[in-house]
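Under the working numbering, the letters of the sequence shown match residues 39 to 824, in that order.
Written below as structure tokens is the structure these notes are about.
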Amino acid sequence: MIEEKQRNLLGRFRELLLRWFFKFKYLLRTWIRIPRESPLWLKSVLVLIYTLAFFLIFLLAVDVNLFWLFGSSPRIREIKNPDINLTSEIYSSDGKLMGSLFVENRTPVEYKDIPKNLVDALVATEDVRFYDHHGIDAKATFAAMWSTIKGDKRGGSTITQQLVKNLFKTRADYSTGLLGFVPWISTMISKTKEWINALKIELYYSKEDILTMYLNTVDFGSHAFGINSAASTFFSCAPIQLKTEQSAVLIGLLKAPSYYSPVANPQNSVNRRNQVLAQMVKYKYLDKRTGDSLVQLPLGLKFKRRGSTTGEASYLREAIVRALQKWSRETEHDIWTEGLKIYTTIDSRMQKYAEEAMMEHMKKLQQIFINNSGNTIVPWKDESGKDIAGYFENIAADMPGYRDIVKKYGPESDTVKQIFTTKHKMKVFTWNGERDTLLSTLDSLKHYKRYFQTGLVAIEPATGYVKAWIGGINYKYFKFDHVNQSHRQPGSLFKGFVYSAAFDNGFGPCDEMTDKAVSIKYVEKGVQKVWEPHNVDWNHAGSMTLKHAFARSVNSIAVQITEKIGWLKVIEYAHKLGIHSNLDSVPSVCLGSSDVTLLEIVNAYCSFVNDGFTGDPILVTRIEDKNGKVIYEQKEERTRVLSQETAFLMSVLLRSGLTEPGGTPQGLFEYDLFRYNTDFGGKTGTSSDYTDGWFIGVTPGLVAGCWVGNDDRSIHFKSSHIGEGLRTALPVYGKFMEKVLKDETLKQYRQKFPKPAIKISKPYSCQTILPKVDSLQLLNDTLIME
39 MIEEKQRNLL GRFRELLLRW FFKFKYLLRT WIRIPRESPL WLKSVLVLIY
89 TLAFFLIFLL AVDVNLFWLF GSSPRIREIK NPDINLTSEI YSSDGKLMGS
139 LFVENRTPVE YKDIPKNLVD ALVATEDVRF YDHHGIDAKA TFAAMWSTIK
189 GDKRGGSTIT QQLVKNLFKT RADYSTGLLG FVPWISTMIS KTKEWINALK
239 IELYYSKEDI LTMYLNTVDF GSHAFGINSA ASTFFSCAPI QLKTEQSAVL
289 IGLLKAPSYY SPVANPQNSV NRRNQVLAQM VKYKYLDKRT GDSLVQLPLG
339 LKFKRRGSTT GEASYLREAI VRALQKWSRE TEHDIWTEGL KIYTTIDSRM
389 QKYAEEAMME HMKKLQQIFI NNSGNTIVPW KDESGKDIAG YFENIAADMP
439 GYRDIVKKYG PESDTVKQIF TTKHKMKVFT WNGERDTLLS TLDSLKHYKR
489 YFQTGLVAIE PATGYVKAWI GGINYKYFKF DHVNQSHRQP GSLFKGFVYS
539 AAFDNGFGPC DEMTDKAVSI KYVEKGVQKV WEPHNVDWNH AGSMTLKHAF
589 ARSVNSIAVQ ITEKIGWLKV IEYAHKLGIH SNLDSVPSVC LGSSDVTLLE
639 IVNAYCSFVN DGFTGDPILV TRIEDKNGKV IYEQKEERTR VLSQETAFLM
689 SVLLRSGLTE PGGTPQGLFE YDLFRYNTDF GGKTGTSSDY TDGWFIGVTP
739 GLVAGCWVGN DDRSIHFKSS HIGEGLRTAL PVYGKFMEKV LKDETLKQYR
789 QKFPKPAIKI SKPYSCQTIL PKVDSLQLLN DTLIME
């Protein structure tokens, strides 16, 4: 049906063109009368004049898209301000480039930043008469036409014409007129547009400007667009640092980036480089002796491929992309193509320390998991330690491509099994670096299933600025972000909301309650239920202050408080302090039975040390466009959610973990933290069956939290000795803060908690005194209260 319409349309066009042709022929005969008795030279001159006039009329018709036959051409403002895809850059708060976002990896440079040897190589190879023509090289054009007639394809485009193709893609975007579907006419039209726009560019720009634009727009392959990206990708340097032989390699790529790739085809690249050097010698840009010496040199690559999100801190970059989605949609700014400068709150030094701390501990923890198979739970083994048949096959069956394969070959086909069990070459992640190996799909599932994951985020409580962000152990192999995408049970961290609600409802740190067995009756979805929580060791210690109970993370006390004030009140305070996740309206919410994100709960804890104020965590402070104009600026908005007294009392409780006997955060004493005149507090958290380990540490200037666990909740340690938050998460925080405090350039984070600005109505200085025992044994005994 569509083809028939096209044929009918083509027929009408032919009729219309014939009519125009005969009318034009009649006009020519009427207007252009050359007497037969005229001399030959006059006839020749007149024919030449009329041909030139016809050609100029044709050029004008193409340029203005006469009768919509030729397709639109770039307008003057587009010629003056060409729109190209630019790389957006992400900067840390201390001015370091942390990554890039791009569709085409391009960051422009100025002419002064381009070395002369690169320009010489380009001109000698691509357009030797560049400085003599005005966009069209007549000699090269006619030579190309003659070669085409003889059947030998030869390029005749000048650098300016190539720039037109790079900027405006005349063969695709603009060749959409009514004649665009006729192959040879379409080619002629696009070539005509190249000539016209090349002349326009030469009119508006200097030769230096044209060279700069060309080198900033051309594709060098390997995701490198423009000379800045090419120099960085292939030689890890700035363009101005390129040596002559390196410039020759890059210019050689322009003919065919894949075929002459120094990475994929190094010998082809050497040959092409030597051709470029020969051209430079031929046209006197190099002397022969220098050229002969340069062709003997190796390529000297320092190759570093860049993906569409490149740089360090990949989890952070993806978080920034997610954070800017709404702004981008509302303002119609494209963070991938506009060459924006995105300034973040992240401190590059703290980010580095967080990554180092994570890697140091998680590598060790993974080895502990492997070496303690008798003290771990994995879902693919039975109680006797034997592999459960079909476990990984069932996981494979849920993979996106599995159903397609089954549909193609049938569920009983041996081919399906063969696809998933055949070993093939692959790179896999290990804590000792990437490893080349032979694994089947099922083998790789089993390999990656074992790895424990982590998340860490550090926030300035006074500003809400995020200073460090670790989403997992390795972004290349594990894309899921455990800071703000993963929702897990926080365990005893939720007691912060229990106690803050309690202090606003008549309780005080020095009030005493009895650690005892508790039973709560409640109704859930119309069903009468009874909840009988217990301390992990099933023991009870009798009367104690709330301050001591919080420090030792005693479950029964938190449950009794919840029973008195109501679990709806606990949920209310959690939401008020910044928990946006859905929370189940059940008593167990007080012990962290509902899933939350690490970012939510760390941000909520900021209010405890920020005088009761909170707000959304901030990742981006400002954004500038490619011209340096500020198009976005973050406004700090902090809201009071707790009274000054309650916030102060919560900071006292957090610090009490280090002063009360058996406080769970006392694992911090293993780290070099306490010689910098800095106050610390903290709270551990461990979910049921030691599936999740948490720790949030607080100082006056920084609140940081860490989560550790496996993405599969059925994989975990099975004892508190290894699996509690003190053992899995606290060490990452301890190592991180050691590095931060040791850095003299970050000494602003060495702070003491200030005295309260108001009179505190409730006693808080009570100190629990226990009989003298081995302090280490006491700590080990009481940590199990988690």
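Where a beta carbon is used, it is the ideal one built from N, C-alpha and C, also for glycine.
Predicted model, so just to flag it, every value in this text is computed and none were measured.
Where do the ends of the alpha helix (DSSP H) carrying residue i lie?
{"i": "glutamine 284", "result": "282-291"}
{"i": "glycine 534", "result": "533-541"}
{"i": "tryptophan 469", "result": "Per DSSP, tryptophan 469 belongs to no alpha helix (DSSP H) and is neither H nor E."}
{"i": "leucine 784", "result": "First-last for leucine 784: undefined, no H or E at that position."}
{"i": "alanine 294", "result": "Segment: none, alanine 294 is in no alpha helix (DSSP H) and carries neither H nor E."}
{"i": "isoleucine 358", "result": "352-369"}
Name, in chain order, the residues that DSSP records as bridge partners for residue i.
{"i": "tryptophan 732", "result": "Gly723 and Trp745"}
{"i": "histidine 171", "result": "Paired residue(s): none; histidine 171 is not in a bridge."}
{"i": "lysine 559", "result": "Val568"}
{"i": "isoleucine 497", "result": "Val504 and Val741"}
{"i": "serine 581", "result": "Thr552"}
{"i": "isoleucine 661", "result": "Ile380 and Tyr670"}
{"i": "threonine 475", "result": "Met464"}
{"i": "arginine 678", "result": "Phe651"}
{"i": "valine 634", "result": "Arg526"}
{"i": "aspartate 257", "result": "Phe263"}
{"i": "isoleucine 656", "result": "Tyr503"}
DSSP on residue i, reduced to helix/strand/coil?
{"i": "threonine 806", "result": "coil"}
{"i": "isoleucine 128", "result": "strand"}
{"i": "glutamine 672", "result": "coil"}
{"i": "arginine 488", "result": "coil"}
{"i": "arginine 751", "result": "coil"}
{"i": "isoleucine 415", "result": "strand"}
{"i": "valine 597", "result": "helix"}
{"i": "arginine 209", "result": "Confidence in arginine 209 is poor, its pLDDT being 47 and thus under 50, which makes the residue's placement too unreliable to answer from."}
{"i": "tyrosine 321", "result": "coil"}
{"i": "valine 202", "result": "helix"}
{"i": "isoleucine 239", "result": "helix"}
{"i": "aspartate 151", "result": "helix"}
{"i": "aspartate 425", "result": "strand"}
{"i": "arginine 441", "result": "helix"}
{"i": "proline 769", "result": "helix"}
{"i": "serine 591", "result": "coil"}
{"i": "tyrosine 515", "result": "coil"}
Pull up the CB-CB distance for residue i and residue j, whole angstroms please, since I reckon it's below 8 Å.
{"i": "leucine 740", "j": "alanine 496", "result": "6 Å"}
{"i": "threonine 125", "j": "glycine 377", "result": "6 Å"}
{"i": "alanine 742", "j": "tyrosine 787", "result": "Contact flag wrong, Cβ pair sits at about 10 Å."}
{"i": "leucine 692", "j": "phenylalanine 646", "result": "6 Å"}
{"i": "aspartate 717", "j": "proline 738", "result": "6 Å"}
{"i": "serine 478", "j": "threonine 459", "result": "5 Å"}
{"i": "serine 689", "j": "tyrosine 611", "result": "With a Cβ gap of about 16 Å, serine 689 and tyrosine 611 do not count as contacting."}
{"i": "glycine 616", "j": "alanine 642", "result": "4 Å"}
{"i": "alanine 500", "j": "asparagine 648", "result": "6 Å"}
{"i": "leucine 205", "j": "isoleucine 122", "result": "7 Å"}
{"i": "lysine 832", "j": "cysteine 804", "result": "Within the shown structure, residues of the chain are numbered from 39 to 824, placing residue 832 beyond reach of any answer."}
{"i": "leucine 687", "j": "valine 504", "result": "Wrong, their Cβ atoms sit about 27 Å apart, outside the cutoff."}
{"i": "proline 277", "j": "proline 153", "result": "7 Å"}
Could you tell me which of the options sits nearest to residue i, measuring between CA atoms?
{"i": "aspartate 727", "options": "Glu472, Leu494, Ile753 and Tyr670", "result": "Ile753"}
{"i": "valine 166", "options": "Ile734, Tyr149, Asp649 and Val314", "result": "Val314"}
{"i": "threonine 724", "options": "Thr716, Leu629 and Pro769", "result": "Leu629"}
{"i": "threonine 255", "options": "Ile265, Glu246 and His261", "result": "Ile265"}
{"i": "glutamine 491", "options": "Gly471, Val466, Asn470 and Ser524", "result": "Ser524"}
{"i": "lysine 721", "options": "Ile457, Ser478, Leu764 and Phe407", "result": "Leu764"}
{"i": "asparagine 748", "options": "Lys487, Ile239, Met388 and Glu782", "result": "Lys487"}
{"i": "leucine 339", "options": "Val308, Thr369, Tyr323 and Arg355", "result": "Val308"}
{"i": "leucine 637", "options": "Ser386, Glu708 and Asn522", "result": "Asn522"}
{"i": "threonine 806", "options": "Gly761, Arg678 and Pro547", "result": "Pro547"}
{"i": "threonine 258", "options": "Thr271, Met251, Ile248 and Thr250", "result": "Just to set this straight, residue 258 is phenylalanine in the shown sequence, not threonine. The residue with the shortest Cα to Cα distance from phenylalanine 258 is Thr271."}
Check for me: the beta strand (DSSP E) holding residue i runs from which residue to which?
{"i": "histidine 462", "result": "462-466"}
{"i": "tryptophan 605", "result": "Taken as a continuous stretch (DSSP letters only), tryptophan 605 belongs to no beta strand (DSSP E), being part of the alpha helix (DSSP H) at 605-615."}
{"i": "tyrosine 381", "result": "379-382"}
{"i": "glycine 137", "result": "135-139"}
The ligand PLP and residue i: does any heavy atom of the ligand fall closer than 8 Å to the residue's C-beta?
{"i": "threonine 652", "result": "Judged by which ligands are present, the structure shown has none, so any question about the ligand PLP falls away."}
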